[in-house]
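Visitor: The structure is given below, and queries will be raised subsequently.
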Amino acid sequence: MTTSDTTDAPRGNGVTGLVPIAVAASLFAYFCTFLPVIAAGDVARLVWEWVPSLSISLSFYVDGLSLTFALLISGIGTLVLLYANSYLAGHPQFGRFALFLTSFMLAMLGLVLADNLIALFVFWELTTITSYLLIGFGHETTKGRRSALQALFVTGAGALVLLAGLILLGFTAGTFELSEINKMGPELKSHALYLPILILILAGAFTKSAQFPFHFWLPNAMAAPTPVSAFLHSATMVKAGVYLMARVYPAFSGTEVWIWTLTIAGGFTAVFASILALRQTDLKQTLAYTTLMALGTLTMMLGQSGGYAMTAFVTFLITHSLYKASLFLMIGCVDHGTGTREADILGGLARAMPVTAFAAALAALSMAGLPPFVGFIAKELAYAGSLEAPSSTTLMAAASLAANALMFAVAGVVAFKPFWRPTGGEMPHKPHEAGGAMLLGPVLLAVLGLVFGLMPGLIQGALINPTVVGFMGETADPKTLKLWAGFNVPLYLSLATFAIGLVLYIGHGPLRAFLTRADAAAPNFDRGWDSFLNGLKAFASWQTRIIQPGVLRYYIFATFAVVLIALGGTLILKDAIPGAPDLEGITWKNVALMVLMISGALLTTVTDSRITAMAGLGVVGMGVAVIFIVFAAPDVAITQLLVETLVVVLVAVALLRLPSLKMTGHFAFRPLDALLSAGVGLVVTLILLAVLATPIDRRLTDYFEVTSWPEAFGRNVVNVILVDFRALDTFGEIAVVVIAALSAYALLRTTDKGPARGIPEADEK
Amino acid sequence: MEALLAISIGVLVAAAVYLMLARHVLRFIFGLVLISNAANLTIFTAGRLTEGMPPLIELGQVAPDPGVANALPQALVLTAIVIGFGLFAFALILMFRAYTTLGTLDSDEMRIAEPREDDA
């Protein structure tokens, strides 16, 4: 190996690098112990109560499907972490990276093992968040931040929709456990809520698995470091949507909506993405689009119901994870070794990077679907699955053929051309081979693609058959994986694939130029995303301008308007408007008192003189005190008099330093405000009259009256209530006054250090 | 009598709301004082009015005479008056402080927290 270059010198990440690898490896080993159980046709289930009152439990379920995923996640996770330990050796934030990536792996494992719908959702969102952090790992760049946010928004919005679907499903089915929902049989499919639930769940799955038209975030997510792309955005996280569709397959599949939605969305995404893949020049972008193609194919397979399609689903799932992770890691090696990922520049690397070239070749042959690789078997099964489909045979076969032929061409662009064709330009570095830790992953994964192809029995019994049985129940007929199935239609389709693919590869230069022009003319979802966000921002600021104009009196107006509407509306709706008030027992003395108070209030309202306003307030306050005296409340009256005096003193002191009330030069009548004020006043009067029209409940007063002396030894009932029965209230009241005083002191103390003393020009305007 | 008081309270509230809607912060404070008074009177009136018989227990007796004024709203209003005063005093100081810092009592001009679009 040629690890002489200094950039590969193992600066190392110490224990931070090793612990995650050990965690991932031991998880992988642990999941391997389930293999015999699952192969024997059993399942394992593990339950902890979480929120029993909401029937949420932390339950895990291991069957063929979840074990397949768990092994892929932990296995590829181990290799990716090992790879990342060298790829980001000595990176100042490696600890953070390792934490994010390990957290993601655990969340993803939780997702595929969860049996409870809510637990599944929690893990689902955890993968969204860790994915956001990982895509935004290069947060210094605008592109990194934008891509991270885009992925978060798209998958997060989808997840919210999914949550609605899961809750609806849980209540409809009467259980939140997936294993029980899947046993329910056809009643769910005929339920009135079947279609809404299906749409909501598919929305979540399609955003997560980047199906058209939500596909645009995935290529942007390639802003993440290469190990992340290999792990999250090809082998694991983006398959969460596919996993979910597979998980609910027994309960939901088979209806017309299911078949056609999945077939069309998947088929379209597959073809559309493979065409765009050929258009890219950045190898990582190319792979991102091929991932979209794979996700589309998997979705399309899930739309079907035959044994071939189901077997093809599982086989292609495993196959794709193996070769795609390998290719991504290989691109990382190339990037690392040459400093570029541009397809037009790279060339002739086989001499300098023989091991990488070897891994790339193996992985690409599997991707192209050539025998004897497992990719060939997957492709044959997919063709067989298309042909057995009852209703959409031609559509599926055509979509598969187009996508696979394009994959063949893309495999050539990604893994043949950079290594075996002459270079197209000057590379930033002189190419050099990557280190052993970085090569182990791609080589091992690529070799597995060959091994499983030669010996399909290794995965047949352990993973594929149990999963297919899980899908199809007792009637399952998992098909046998074999390299040679005789001269049949799938084989002819394969040969056609190779022929078309070869032509496409040879002509990919001019084809790409054509596609670039076509793509520039077509509507661009990524730019659409930007205009959507800009529109959202414009809407938000428009709305803020309306709701939050920054003018205090608008807020107060709104507050009182709400009071008026709420109270007045209630009065009208409850038909509680009181009749004419009973004006008996009114003396001229009392009328004079009221007239005095009202005059004081109106004087305060209309005057432009501060002294007059204070006098008006004083009249009102004293009037209130007199009312307390007249109506047998001496304690209250004393308090009112004291407070009123203090108010006048305080205002007088403050007024010495405050400007006059004449702001606009004269008293300006505000008709709208007057209308609102009159309305609020009227409503208060009406409510009070309505209260007075009902009999009074004196039970509490009676209690205080009879217990005041015997229990609290006080003859003034009001005082006893304050200091004894409601002593804590009074204590709180004292605390409020003390806090007000302390705050006032603090405010006054800092008067002269005001930071914005230089704003008096507002006064002069 | 209660009905008359209810109407007066309505007028007080209307005057208070009108003052609180003014641009001048000092008027707002006046409105605050008025509305506290109106609120206290509302509680007091809702407990019914009794003339001349305060809720006191005569020496030698264990309970007040029947027909004394309702003690409960009085206790509540007493608390409310004090709290209202605390609120008023704090608001006054806050206004005073705002004036010394911002140099204006026009609430439309107090835009440090939510500046105008063109100022921002």
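The listed protein sequences correspond, in order, to chains A and B. If you're matching positions, the first sequence starts at 1 in the numbering used here and goes up one per residue. If you're matching positions, the second sequence starts at 1001 in the numbering used here and goes up one per residue. Just so you know, even glycine gets a beta-carbon here, dropped at the ideal spot from N, CA and C. This structure is a prediction, so every number in the text was calculated from the model and none was measured.
What is the DSSP secondary structure of residue 62 (chain A), counted as helix, strand or coil?
Guide: Residue state, collapsed to three classes: strand.
Visitor: Check whether chain B comes within 9 Å of residue 569 (chain A), counting only Cβ atoms and requiring the distance to be less than that.
Guide: Chain B, which has no Cβ nearer than 9 Å to the Cβ of residue 569 (chain A), makes this no.
Visitor: Since residue 790 (chain A) and residue 616 (chain A) should fall inside the 8 Å C-beta cutoff, what is the C-beta to C-beta distance between them, to a whole number of angstroms?
Guide: Because chain A spans 1 through 765 in this model, residue 790 (chain A) falls outside it and cannot be assessed.
Visitor: Taking 8 Å as the cut-off, does the CB of residue 448 (chain A) come closer than this to any heavy atom belonging to the ligand MN?
Guide: Ligands displayed in this structure: none; no statement on the ligand MN is therefore possible.
Visitor: Examine the Cβ distances between the region 674-689 of chain A and the region 554-569 of chain A and report whether three or more of them are shorter than 8 Å.
Guide: Yes, since at least three Cβ pairs between the region 674-689 of chain A and the region 554-569 of chain A fall closer than 8 Å, the two stretches touch.
Visitor: Quick one: give me the first and last residue of the alpha helix (DSSP H) that residue 1002 (chain B) is part of.
Guide: 1002-1020 is the extent of the alpha helix (DSSP H) around residue 1002 (chain B).
Visitor: Give a yes or no on whether 9 Å exceeds the smallest Cβ distance from residue 1011 (chain B) to chain A.
Guide: With 9 Å as the cut-off, residue 1011 (chain B) counts as an interface residue toward chain A.
Visitor: For residue 1030 (chain B), which residues in the same chain have their Cβ closer than 6 Å to its Cβ, ignoring the five residues on either side in sequence?
Guide: Once the five neighbours on either side are set aside, the close Cβ partners of residue 1030 (chain B) are 1019.
Visitor: Output, in chain order, the set of chain B residues within a Cβ distance shorter than 8 Å of residue 657 (chain A).
Guide: 1096, 1099 and 1100, listed in chain order.
Visitor: Note down, in chain order, every chain A residue with its Cβ under 8 Å from the Cβ of residue 1034 (chain B).
Guide: Under the 8 Å cutoff, chain A gives 601, 604, 617 and 620.
Visitor: If we cut at 9 Å on Cβ distances, does residue 572 (chain A) have a partner in chain B?
Guide: Judged by the 9 Å Cβ criterion, residue 572 (chain A) is not in contact with chain B.
Visitor: Quick one: complete alpha helix (DSSP H) runs, 4+ long, within the region 199-282 of chain A?
Guide: The qualifying runs are 217-220, 226-230, 239-247, 249-252 and 256-279.
Visitor: Under a three-way DSSP split, which group does residue 346 (chain A) fall into?
Guide: DSSP places residue 346 (chain A) in coil when its eight states are reduced to three.
Visitor: Using the rule of at least 16 other Cβ atoms within 10 Å of the residue's Cβ for burial, across every protein chain shown, is residue 675 (chain A) buried or exposed?
Guide: By the 10 Å Cβ count, residue 675 (chain A) comes out exposed.
Visitor: So is residue 680 (chain A) in contact with chain B if we call contact Cβ pairs under 9 Å?
Guide: Residue 680 (chain A) counts as touching chain B.
Visitor: For residue 1067 (chain B), return the contacting residues in chain A, with the cut-off set at a CB-CB distance below 9 Å.
Guide: Result: empty, since nearest Cβ-Cβ is about 10 Å, beyond 9 Å.
Visitor: Can you find at least 3 beta carbon pairs, one from the region 303-310 of chain A and one from the region 530-546 of chain A, that sit closer than 8 Å?
Guide: Because the criterion of three Cβ pairs below 8 Å is not met, the region 303-310 of chain A and the region 530-546 of chain A do not touch.
Visitor: Grab the span of the beta strand (DSSP E) containing residue 145 (chain A) for me, first residue to last.
Guide: No beta strand (DSSP E) holds residue 145 (chain A); the alpha helix (DSSP H) holding it covers 142-173.
Visitor: Does the CB of residue 609 (chain A) have a neighbour CB from chain B at under 9 Å?
Guide: Not an interface residue.
Visitor: For the putative contact between residue 467 (chain A) and residue 314 (chain A), defined by C-beta atoms under 8 Å, what is the C-beta separation to the nearest angstrom?
Guide: Correct: roughly 5 Å between the Cβ atoms.
Visitor: Taking residue 1124 (chain B) as the reference, give the member of A:270, A:635 and A:712 with the closest Cα.
Guide: This structure leaves residue 1124 (chain B) out entirely; chain B is present only between 1001 and 1120.
Visitor: In chain order, what residues of the same chain have a beta carbon less than 7 Å from the beta carbon of residue 70 (chain A), not counting five sequence neighbours either side?
Guide: Around residue 70 (chain A): 31, 109, 112 and 113.
Visitor: Give the residues of chain A in contact with residue 1007 (chain B), contact being defined as C-beta atoms less than 7 Å apart.
Guide: Neighbours of residue 1007 (chain B) on chain A, chain order: 685.
Visitor: What residues in its chain sit with their C-beta under 6 Å from that of residue 72 (chain A), if we drop five residues either side in the sequence?
Guide: Correct list, in chain order: 321.
Visitor: Do we get a CB-CB distance below 9 Å when we pair residue 744 (chain A) with the residues of chain B?
Guide: So yes, residue 744 (chain A) belongs to the interface.
Visitor: Report yes or no: is there a C-beta of chain B within less than 9 Å of the C-beta of residue 728 (chain A)?
Guide: Output row for residue 728 (chain A): interface = no.
Visitor: Decide yes or no for the touch test of the region 163-180 of chain A against the region 138-148 of chain A: beta carbon pairs closer than 8 Å, at least 3 of them.
Guide: As far as the Cβ criterion goes, the region 163-180 of chain A does not touch the region 138-148 of chain A, which means the pair count is below three.
Visitor: Could you name the residues of the same chain whose beta carbon sits closer than 7 Å to that of residue 75 (chain A), not counting the 5 residues immediately before and after it, in chain order?
Guide: Contacts found: 28.
Visitor: Starting from residue 48 (chain A), trace the beta strand (DSSP E) both ways and give me its first and last residue.
Guide: Element bounds for residue 48 (chain A): 44-51.
Visitor: In terms of DSSP beta bridges, what is residue 1056 (chain B) paired with?
Guide: Its beta-bridge partners are A:716.
Visitor: When burial is assigned at 16 or more other CB atoms within 10 Å of the CB, is residue 665 (chain A) buried or exposed?
Guide: The predicted model places residue 665 (chain A) with a pLDDT of 46, which falls under 50 and marks its position as unreliable, so this point remains unresolved.
Visitor: Contact between the region 321-330 of chain A and the region 226-235 of chain A: three or more CB pairs below 8 Å?
Guide: Yes, they touch.
Visitor: Between which two residues does the alpha helix (DSSP H) harbouring residue 91 (chain A) extend?
Guide: Unbroken run through residue 91 (chain A): none, as it is neither H nor E.
Visitor: Under DSSP, the alpha helix (DSSP H) around residue 1070 (chain B) begins and ends at which residues?
Guide: Counting along the chain, residue 1070 (chain B) falls outside any alpha helix (DSSP H), and DSSP gives it neither H nor E.
Visitor: My guess is that residue 1107 (chain B) and residue 553 (chain A) are in contact by the Cβ rule of under 8 Å, so how many angstroms apart are they, rounded?
Guide: Indeed they touch by this definition, with Cβ atoms about 6 Å apart.
Visitor: Would you say residue 628 (chain A) lies against chain B (beta-carbon separation less than 9 Å)?
Guide: So yes, residue 628 (chain A) belongs to the interface.
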